[in-house]
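J.: Under the working numbering, the residues of the sequence shown are numbered 7 to 549, in order.
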Amino acid sequence: MAKAVGIDFGTTYSLIAHLNSGRPEIISDVHGAKLTPSVVAFQENGDTLVGSTARQRAFLSPKETIFSIKRRLGRRSYLDLNGLPENSEVIRHIKEHMGSDCIVTIDGQEYSAEEIAALILKKLVDDAQAFLGSRIEKAVISVPAYFNISQRQAVVDAGRIAGIDVIRIIDEPTAAALAYGFEMEDIHTVLVWDLGGGTFDVSVLELGMGVFSVKSVNGDTHLGGDDYDDRIIAYIVELFKEETGLDLKEHDNAMTRVREAAEKAKTDLTDSDSAQISLSLGEVDGGMPERWQAGLTRKKFEELTADLVQRMIEPTEEALSDAGLEPSDIDKCILVGGSTRMPQVRRLFKQLMGKEPYTDIQPDEAVAMGAAVQAGILTGEIVGKVLVDVTPISLGIETEGGIFTKLIGKNTTIPASMSRIFTNAADDQTSMSIHVLQGERALAASNMTIGRFDLDGMQPLPRGETVVEVKFEINANGILRIAARDLHTDNSRDLRVSPRYYGLTGDELTRSSSEVAAGHIYHEEAAGKAGENEVGAGAPGAE
Numbered sequence: 007m008a009k010a011v012g013i014d015f016g017t018t019y020s021l022i023a024h025l026n027s028g029r030p031e032i033i034s035d036v037h038g039a040k041l042t043p044s045v046v047a048f049q050e051n052g053d054t055l056v057g058s059t060a061r062q063r064a065f066l067s068p069k070e071t072i073f074s075i076k077r078r079l080g081r082r083s084y085l086d087l088n089g090l091p092e093n094s095e096v097i098r099h100i101k102e103h104m105g106s107d108c109i110v111t112i113d114g115q116e117y118s119a120e121e122i123a124a125l126i127l128k129k130l131v132d133d134a135q136a137f138l139g140s141r142i143e144k145a146v147i148s149v150p151a152y153f154n155i156s157q158r159q160a161v162v163d164a165g166r167i168a169g170i171d172v173i174r175i176i177d178e179p180t181a182a183a184l185a186y187g188f189e190m191e192d193i194h195t196v197l198v199w200d201l202g203g204g205t206f207d208v209s210v211l212e213l214g215m216g217v218f219s220v221k222s223v224n225g226d227t228h229l230g231g232d233d234y235d236d237r238i239i240a241y242i243v244e245l246f247k248e249e250t251g252l253d254l255k256e257h258d259n260a261m262t263r264v265r266e267a268a269e270k271a272k273t274d275l276t277d278s279d280s281a282q283i284s285l286s287l288g289e290v291d292g293g294m295p296e297r298w299q300a301g302l303t304r305k306k307f308e309e310l311t312a313d314l315v316q317r318m319i320e321p322t323e324e325a326l327s328d329a330g331l332e333p334s335d336i337d338k339c340i341l342v343g344g345s346t347r348m349p350q351v352r353r354l355f356k357q358l359m360g361k362e363p364y365t366d367i368q369p370d371e372a373v374a375m376g377a378a379v380q381a382g383i384l385t386g387e388i389v390g391k392v393l394v395d396v397t398p399i400s401l402g403i404e405t406e407g408g409i410f411t412k413l414i415g416k417n418t419t420i421p422a423s424m425s426r427i428f429t430n431a432a433d434d435q436t437s438m439s440i441h442v443l444q445g446e447r448a449l450a451a452s453n454m455t456i457g458r459f460d461l462d463g464m465q466p467l468p469r470g471e472t473v474v475e476v477k478f479e480i481n482a483n484g485i486l487r488i489a490a491r492d493l494h495t496d497n498s499r500d501l502r503v504s505p506r507y508y509g510l511t512g513d514e515l516t517r518s519s520s521e522v523a524a525g526h527i528y529h530e531e532a533a534g535k536a537g538e539n540e541v542g543a544g545a546p547g548a549e
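(1) What did DSSP end up calling Y152 once you bin it into helix, strand or coil?
(2) DSSP puts N26 in a beta bridge; with which residues?
(3) From which residue to which residue does the alpha helix (DSSP H) around D236 run?
(4) According to DSSP, which residues form a beta bridge with Q282?
(5) What is the rounded straight-line gap between the Cα of V373 and the Cα of D207?
(6) If you drop the 5 nearest sequence neighbours on each side, which residues of the same chain put their C-beta closer than 7 Å to that of E212?
(7) Going by C-alpha to C-alpha distance, which of D274, V217, Y234, Q299 sits closest to E249?
(8) Pick out whichever of F246, S400, L393 has its Cα sitting closest to the Cα of D177.
(9) Could you give the DSSP three-state label for L326: helix, strand or coil?
(10) What does DSSP give as the partner residues of V473 in its beta bridges?
(11) Considering only residues of the stretch 354-427, which uninterrupted beta strand (DSSP E) runs meet the minimum length of 3 residues and lie entirely inside it, listed in chain order?
(12) By alpha-carbon positions, which one of Q159, L55, A378 ends up nearest to T180?
(13) Touch check for the stretch 458-473 and the stretch 410-417: three-plus C-beta pairs under 8 Å?
(14) Rounded to the nearest angstrom, what separates Q444 and T397 at their Cα positions?
(15) Kindly list the residues whose CB is nearer than 6 Å to the CB of E269, restricted to its own chain and excluding five residues on each side of it in sequence; keep chain order.
(16) Helix, strand or coil, according to DSSP, for H457 in the structure here?
(17) Round the Cβ separation of G293 and L252 to the nearest angstrom and send it over; I've been treating them as touching at under 8 Å.
(18) Between the C-alpha atoms of P349 and T276, what's the straight-line distance to the nearest angstrom?
(19) For a test of your reading of the model: does the CB of A329 fall under 7 Å from any non-hydrogen atom of the ligand FMN? Yes or no.
(20) Classify D462 as helix, strand or coil using the three-state DSSP reduction.
(21) Under the three-state reduction of DSSP, which class applies to L275: helix, strand or coil?
(22) Assign G231 to one of two classes, buried (16 or more other C-beta atoms within 10 Å of its C-beta) or exposed (fewer than that).
(23) Does M261 pass the burial test, meaning 16 or more other C-beta atoms within 10 Å, or should it be called exposed?
(24) With DSSP collapsed to three states, give me the class of E446.
(25) Using DSSP's beta-bridge definition, name the partner residues of Q115.
(26) Could you check which residue in V342, S334, K391 has the C-alpha nearest to that of I627?
(27) DSSP on R61, reduced to helix/strand/coil?
(28) Between the C-alpha atoms of K69 and E471, what's the straight-line distance to the nearest angstrom?
(29) Could you pull the DSSP bridge partners for L201 from this structure?
(30) Does the Cβ-Cβ distance between I32 and D133 come in under 8 Å?
(31) Going by DSSP, what residue range makes up the beta strand (DSSP E) through G12?
(32) Starting from A47, trace the beta strand (DSSP E) both ways and give me its first and last residue.
(33) Does the beta-carbon of D200 have 16 or more other beta-carbons within 10 angstroms, so that it is buried, or is it exposed?
(34) I'd like to know if the stretch 161-169 and the stretch 120-129 are in contact, where contact means that at least 3 CB-CB pairs between them fall below 8 Å.
(35) Grouping DSSP H, G and I as helix and E and B as strand, with all else coil, what is F334?
(36) Taking the beta carbon of Q316 as the centre, do at least 16 other beta carbons fall within 10 Å, making it buried, or is it exposed?
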């Protein structure tokens, strides 16, 4: 019998979980590891390595190894990575591989970000099928709470390419709360802090009596453990150059060693006041020393990352404010993501919330386990439980004067549907342009464009007399559909999203799925161009 699973697709590591006798359980890979590195490496024969084997190959083939692909999903190019510093190691890596159309280029071969992500998802499912001895066809996949619509659609597309029926997208902090409270009967108000490899999310939920109700979400999609690694990487590069006169950034394989050393130092500093940094550079050309060592104290590390910690304050305060709560109203606090183990993060948490976090759940495993619980709810394996989720960011259209008019506000319970009536802004107007946006700013230009389309065939009437109904519908996965209807002529248009900017075409999904299943993938230019009636969602807009 086919099973449904929960997947935590992470920036640095990914996990998969299932229900075992009604309780969530992480599935280990063939080597017994629960965490699968979210890394893909391409070999000369066209095959791919995924996970720990890909990570091990990074030193030998740094230009053929892809890290942090999650940060690319749903974005048009590296220029769309608003919020990441230009000196970020993630940005450096992405610029080496990404073109202007959200494509990874390896040895002249092109791949979409969704195709790379699909390889990671497929490995998780293959390992789980081997462990369980049964077929897996359905999955609930987690995403950061502050992922926008195009990013969520990209995750769904990646799942489809991997041969998975994605029955629900669930926000990561919501999933963690499910793992914590799925057997709880008493009503609790819970705050979840989720600091993953690439994102930071805060959610406030009410749990109990079989109902999991999300009250508010907030976050920063450009703040995660990778950014803390980047600070150590920059420190190592600068110190090495001062001592040797050599630039590690000129050698890709050397930077692989630097990244490994930075991650180890960050982990060591969780439990120790100092960490030893050791680089083995004997195989690196350019006159590098065979071995180089340095020390890093926790105090210095906290100085290097002080501003990153401070960036967690505003999303936390806004999430509480949106829920109409004070820290004292929170019954339990849950920390999710390995980066929440850092002492400076825990200190800030206690400073903001005035209490210690709940520690009976593993930060690395909570999201995957909660996604498995949601899969069980949706397939009937768990009964009597209901998840009530919300949309994290407001949705609306541009109106006269460049104003952003919201139709669905942030923290609206989903699925949701909302209609509003608009009129023509000029005499004898025969067409109305619908510019759909996502964000919280008053001016349309300051929010992110989701799409544009025109409602044609309007009767030429005086200003204010043409009546158009615009309807927004957002489903349980947080994915949006829009329609506009002229109430005089009954002429209507639905938003048809251009796959180049929002999701992949059906042909691209079919082709990519078969290629991933065969163990090798490729990317070709989409056969069809965006037609004049299509809308390019995800077009650049200031955030």
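All residues carry an ideal CB built from backbone N, CA and C; glycine is no exception. Computed from a predicted model, the values in this text were never measured in an experiment.
T.: Inspection of the coordinates gives the following:
(1) coil
(2) R29
(3) 231-250
(4) G301
(5) 12 Å
(6) I193, T195, S219, K221
(7) Q299
(8) L393
(9) helix
(10) T429
(11) 392-396, 401-405, 409-414
(12) A378
(13) no
(14) 11 Å
(15) D235
(16) First, the amino acid is wrong: residue 457 is Gly here, not His. G457 falls in the strand class under three-state DSSP.
(17) 7 Å
(18) 6 Å
(19) Among the components modelled here there is no ligand, and therefore nothing to report on the ligand FMN.
(20) coil
(21) helix
(22) buried
(23) buried
(24) coil
(25) I112
(26) Residue 627 is absent from the model: the chain starts at 7 and stops at 549.
(27) helix
(28) 60 Å
(29) F206
(30) no
(31) 9-14
(32) 46-48
(33) buried
(34) yes
(35) In the sequence under discussion, the amino acid at residue 334 is Ser, which differs from the Phe named in the question. In the structure shown, S334 sits in a helix (DSSP, three-state: H, G or I).
(36) exposed
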